[in-house]
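Residue numbers (my numbering), protein chains in the order written: chain A, 1 to 383; chain B, 384 to 697; chain C, 698 to 1174. Data first, discussion second: the structure below is written as structure tokens.
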Amino acid sequence: MSKVLIDAVGLRKYFPIKGGVTGRTLGYVYAVDDVNIKIYKGETVGLVGESGCGKTTLGRVLLDLAEPTAGVLFYNPEDSVSSKVSELYKNLKTNKPSELKKEEKKLVEEAKKADVYRNKKRNREFRKKVQIVFQDPVSSLDPRMLIKDIIAEPILINGIPTEDGKRKKIKGDELLNYIREMIGEMGLNEDHLFRFPHEFSGGQRQRIAIARAISIRPEFLVLDEPTSALDVSVQAQILSLLEHLQQKYEMTYLFITHNLAVIRAVSDRVIVMYLGKVVEVSRTDDLFENPIHPYTQALLSAIPVPDPERKRNIVVLSGDVPSPANPPAGCRFHTRCRFAEEICTKEEPKLEEIKEGHTAACHFAREIISGQKKPAPAPTFST
Amino acid sequence: MTANANSASSNLARALRTKFQSFAKTFYFYTRSPIATIGLIIVLFYVLVAIFGPIVLGGNPWRMTQYLSYHGQYIYNIPQPPSRYFPFGTTFEGYDIFNGVVKAARIDLMVAAIVVLSGALIGTFLGSIAGYKGGLTGEVIMRVTDIFLSIPSLVLAIAFLVIFSRTLNVMVLALIVIWWPTYTRIVRGQVLSVRELKYVEASVAAGSSSIRTVLKHIIPNSIYPIFVQVSLDFGNVILTMAALFFLGVGFAGYWTPEWGNIISIATTFSSGIPAITHYWWTVVIPALAILILVVSLNLMGDGLRDVTDPRLRR
Amino acid sequence: MEDVLVVKNLKTQFFIYEGVVKALEDVSFSVGKGEVLGIVGETGCGKSVTAYSITRLIPDPPGRIVGGEVKLGNLDLMRNIKDEARFIQKKRIKIKHNYKVIRNNELFFNTIRGKYISMIFQEPMAALNPVYTVEDQIAETLLLHNRTRLLKIMKSASNHLSELERWKDGGDIDIFDDELGEEIDKIKKTARGAESIKFHQDLLIEGARGFSKKMQKYEEMLKKSIERDELEDRLLTDPNPATQQEIIKRLAKESKKINLIKMSKQMKRNKKDPLLIEARRESFSLLESVDIPNPRGVLKSYPHELSGGMLQRVTISIALANNPKVLIADEPTTALDVTVQAQILKLLRDLQDAIGTSIILITHDLGVIAETCNRVAVMYAGNIVEMAEVKELFRNPKHPYTIGLLQSIPRVDDPNKTLKTIPGNVPNLINPPQGCRFHPRCPFVFDRCRVEKPVSIEVSKGHTVECHLFSGKVNAE
Ligand SMILES: Nc1ncnc2c1ncn2[C@@H]1O[C@H](COP(=O)(O)OP(=O)(O)O)[C@@H](O)[C@H]1O
Ligand SMILES: Nc1ncnc2c1ncn2[C@@H]1O[C@H](COP(=O)(O)OP(=O)(O)O)[C@@H](O)[C@H]1O
Ligand code: SF4
Ligand code: SF4
Ligand SMILES: [Mg+2]
Ligand SMILES: [Mg+2]
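What follows is the structure in structure tokens.
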């Protein structure tokens, strides 16, 4: 397997809920809670889950757009170092931010001894290597700027990479020509450069947003639901554009979406999230053919298939996602799970490797795949 | 290369045209409301008077009487009704009201412009810091703003004039002190909502500094409500200034052509006789000058607010 | 199949600063009884405008229905739309409204919308009033459109009061063969457990007692209400436009009398009003029927306290409260997660089986269409370009646009499918392309397409296509 590009260890992001006249903290939204993931160079990782599960937050924390409450983020790490810290982080067992800070401090001391650095500070080098494309094509472009200025902004700040691995700043005609070349690649034309965002359709805006993101040739690109607001016909255009760009510029993608069909079409590996936790990680084909976690199974079965003659069983999950401010104890999925038992309400399942390259967090993962465990008579129905 | 440059300049022209078209569209919607249009026309008229009036008229209001004496007119110390030579009449001490009202337009509009624009500038600066940075700095700024907002504006201005000196500069300063907090509030509110938009985050992700983000993205997108507020406040500043004069705390220099001052001349010199009943023109004409301008400014502000509201842009 | 709703040559335009948006060019379709018709197409193709035109919810200004016919049974919904406004062609088109006609039409349509055609939206919040509880809002609809039924149940319950009390004390109950019997049958079937049945019993008895106390008042109310219902039924069945006009006038007069705000204030003040008690009971049972967990809690909550999925259930329950002839659902699941979408679609299907309402389901997701609809209309730039039975359409798509759409969907069940794209975008409808509006994006475009608008051609039974590619073939056959 290729080299690890991003290694997130014990990543947590809790948003304080402020209330009352004094604005004191009433509680926390546990948006991302103890997430450990690795992303390898050159791959496309899909990140799925219902809305409110913390996908966007995880993406932002990975890009250091939001400071994690706790956890370490390695970019291009040495293996030995990151695994050492991973070991240390396994012992963090609290979710009160104040205590976390204390415990973590000790860990960091330890880590320093092991010659580990925290790659957490916002640092300029990091900014030049990572970029993001947002879901909403309307609010992601500044309405008062010309398209050429929108695309030029990251270049003016970061410069573009040269052949010898350094970066150089460009401006004036050189910059304009560079942008021209790029916009052609995006399927837009030169004419579009001197217009304002409101003159474009959703798909075109998303192309512009992508152009802005890749203008500084990042190594890692987070795509936060880049096609969710678009029509299928346009979605297909954007997906093929992204694929082309990835091959050409050798980028690594984190592709966030709630649309499993898109995930299947684009990604090599899939991470499934539920209420701030990673519940299943697997290679794409494996996940779609043999989903292990009951949540993944339900998600998969709920996707409508555009084929009226295909009959299938739909596992209907009852209710909505619980509030991440007050997640259920034990396994967070137990309130909606068909397989839930006593233990699920008490003990939190660990993310374990069930098969080679396929991990899941469920107490009964092995029983479920071997078919020993039968679901409770749940409201399944067929079409 | 020339072709390239040509196309670049035509592209730029295109961009400008787009801007102009959106302005033309705004103007079209504005003129669809006849009341707002009338307001705009009257305001423009005042501006013209303020610019050219003093140049055309020349002289000083109180010296006009001497000039007229050459025509064989007897000069009265007590107010004279409108006549051929004094279209708006005169007030006490032979003060020519027409000349005074026209000259006052320049002073009043200039003071109002200085006050409102500096207020808006300070407000934008502080408001964007408070909105974008938040935290302790923001909290302090907003608390101070609240304190200033809670003191009645007239009281604050009078205190200023009494403590320092009664000059035009102090008056302008006092008015600025009154006006900046409103703008701070508005800008902060606006920044708080713009800050959450994705293009701001995109700019941060591109590595831009806070200052750059605020200047390039946040301020340009938050100042539109300020324009509406400015047009509404223009009238309020003039009213407050008139009130200060009327209360007798305006700056020294009795003959300063200022609308409020012209009224106050009538009321201070009339020594017991109600000026409004005996010499109505000494009060009503300058009061009308203020009233018409303030109402027109308000109509204009309302019209502006309507065209910036996307729901009403059809 | 009997057609419930027939739409013919519907044409809607928006008169805005930039020009005239020709949003609907020529839309014709019909919906059969108990059928689910899907309308699918990209954003901006005019799906919502179609729905809003049928229910006359187009915001005016800037929108106007310029022509066409919509028939609900024998009733022409677009009858005097032409009298509402005149167009004056100057440099910019000016519209002169005739407010008297508009006001009358509005009154008439308030009746139609609640009673015969209901609508649910992508944003359920838009359809709910944020300052009233869910209970108030459902009860309001019921009191407005379902009075007869409520009163009948109350009357029957007051007749059977002693038996009801026995039922409550734990004895069994013989089902009565009247409204109350049906109701109790339903309660037994849908209620969730003893708790909920007890709630129903309590309210039924309370309402019945109130009814017998003021027997005369309610009898009279019932008589009036039945009269009104008959009028409304006749409106759809009577083929004579003159009589229809008469009925519309009478109904409009009565609608004027009902002041919703006053009514809900009264409701708040007079909690013990038997009619209100019955309305509350019915609201409870409606929420149960849309599978809402903890219906009592939901009844007492305000819209902003509920999640998107829950709100959509509430709006569905309100929309179905009066057994409308047609339910129009405009992207009801687009804002929801797939898991919740599956719940809502299942609910819609179940309810449709139970009630037999015709549904027009608008969506841009062909997957939803495939799983929910009987028939599909594909829309592009203000035209219905293809219409067929759902299986026929997916097996045998004819129009290049439909084919393009189908080829661009990624499939979970078929990862190796290569995604094809439709080049370009939906055109700006101020200056739509001449001829076939799809021609700039069509891979099969030929000369005729650029000048002549294709007409609808039936390629096989019940399968129509608007495309020049097929006109030759049919002529040859
Ligand atoms: N800036 C924020 N402040 C407070 N809460 C937030 C913030 N951003 C996200 N959240 C909360 O965190 C949870 C996860 O949100 P998000 O990451 O956007 O989920 P997803 O992208 O999976 O839909 C949500 O409950 C959301 O309300
Ligand atoms: N209020 C409006 N003002 C101007 N144009 C409108 C308005 N509403 C809809 N349109 C236009 O009508 C066309 C169809 O829109 P719509 O029916 O909302 O599409 P969709 O198929 O996505 O529901 C679009 O081109 C849109 O621009
Ligand atoms: S741990 Fe229990 S509740 Fe959680 S997914 Fe597995 S079976 Fe379901
Ligand atoms: S009429 Fe012509 S342009 Fe239109 S869909 Fe058919 S082949 Fe394509
Ligand atoms: Mg998100
Ligand atoms: Mg729509």
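C-beta atoms are modelled at their ideal positions from N, C-alpha and C, and glycine is treated no differently.
Taking the CB atoms as reference points, tell me whether residue 974/C and residue 900/C lie closer together than 7 Å.
-> yes
Please list the partners that residue 140/A has in chain B, where partner means a Cβ-to-Cβ separation under 7 Å.
-> Ordered by position in chain B, the residues that pass the 7 Å Cβ test against residue 140/A are 581, 582, 585.
Does residue 513/B come within less than 7 Å of chain A when only Cβ atoms are used?
-> Under the Cβ criterion of 7 Å, residue 513/B is not counted among the residues facing chain A.
For residue 1005/C and residue 1011/C, the rounded distance between their alpha carbons = Roughly 10 Å between the two C-alpha positions.
Just grab the DSSP bridge partners of residue 74/A for me.
-> 7/A
Contacts around residue 575/B, its chain only, beta-carbon distance under 6 Å, and the 5 residues preceding and following it disregarded | 514
Using a C-beta cutoff of 7 Å, does residue 217/A count as contacting chain B?
-> For residue 217/A, the nearest beta carbon of chain B is not closer than 7 Å to its own beta carbon.
Hey, is residue 398/B close to ligand 3, as in C-beta under 6 Å from one of its heavy atoms?
-> no
Would you say the beta carbon of residue 227/A comes nearer than 6 Å to a heavy atom of ligand 5?
-> Outside the cutoff, so no.
Using 8 Å as the threshold, is the stretch 971-991 of chain C in touch with the stretch 767-785 of chain C, meaning 3 or more CB pairs across them?
-> no
Quick one: is residue 260/A near chain C, going by C-beta distance under 7 Å?
-> yes
In whole angstroms, what is the alpha-carbon distance linking residue 306/A and residue 1050/C?
-> 22 Å
Cβ pair count under 8 Å reaching 3, the stretch 657-668 of chain B against the stretch 713-730 of chain C = no
C-alpha gap between residue 325/A and residue 28/A, whole angstroms | 6 Å
Closest residue to residue 530/B among 478/B, 562/B, 545/B (Cα-Cα distance) | Among 478/B, 562/B, 545/B, the Cα nearest to that of residue 530/B is on 562/B.
Can a CB atom of chain C be found closer than 7 Å to the CB of residue 231/A?
-> yes
Between which two residues does the alpha helix (DSSP H) harbouring residue 527/B extend?
-> 518-533
If you draw a straight line from the C-alpha of residue 343/A to the C-alpha of residue 331/A, how long is it?
-> 9 Å
Mind checking the stretch 1030-1057 of chain C against chain A and listing, in chain order, the residues whose C-beta falls within less than 8 Å of any C-beta there?
-> 1034, 1035, 1036, 1037, 1038, 1039, 1040, 1042, 1043
Give every residue whose Cβ lies closer than 5 Å to any heavy atom of ligand 3, listed in chain order.
-> 294/A, 331/A, 333/A, 334/A, 337/A, 339/A, 340/A, 344/A, 349/A, 362/A, 363/A, 364/A
Taking 7 Å as the cut-off, decide whether the C-beta atoms of residue 705/C and residue 1076/C are in contact.
-> no
Secondary structure of residue 802/C, DSSP reduced to three states | helix
State whether the stretch 1123-1130 of chain C contacts the stretch 237-256 of chain A, with contact taken as three or more CB pairs (one from each stretch) at a distance under 8 Å.
-> When Cβ pairs closer than 8 Å are counted between the two stretches, the stretch 1123-1130 of chain C is seen not to touch the stretch 237-256 of chain A, the count staying below three.
Would the C-beta of residue 29/A count as close to ligand 1, meaning under 6 Å from any of its heavy atoms?
-> yes
For residue 64/A, which option in 126/A, 302/A, 104/A has the closest C-alpha, if you only look at C-alpha atoms?
-> 126/A
State yes or no: is the C-beta of residue 1165/C nearer than 6 Å to some heavy atom of ligand 4?
-> If you check the C-beta of residue 1165/C against ligand 4, you find a heavy atom less than 6 Å away.
Can you give me the Cβ contacts of residue 1042/C inside the same chain, cut-off strictly under 8 Å, excluding the 5 residues immediately before and after it?
-> 1030, 1065, 1068, 1069
Any idea what DSSP makes of residue 1160/C, helix, strand or coil?
-> Of the three classes helix, strand and coil, the one that applies to residue 1160/C here is strand, per DSSP.
Start and end of the beta strand (DSSP E) containing residue 740/C?
-> Counting along the chain, no beta strand (DSSP E) covers residue 740/C, and no H or E run does either.
Coarse secondary structure for residue 376/A, derived from DSSP in three states = coil
Does the Cβ of residue 823/C have 16 or more other Cβ atoms within 10 Å, making it buried, or fewer, making it exposed?
-> exposed
Does ligand 5 have a heavy atom nearer than 6 Å to the CB of residue 1036/C?
-> no
Residue 1074/C touches chain A at which residues, Cβ-Cβ below 9 Å?
-> Here the premise fails: no neighbours, minimum Cβ distance about 15 Å.
Output, in chain order, the set of chain A residues within a Cβ distance shorter than 8 Å of residue 1061/C.
-> 231, 232
For residue 733/C, write down the residues that DSSP places opposite it in a beta bridge.
-> 1056/C
Helix, strand or coil at residue 829/C according to DSSP, with G and I counted as helix | coil
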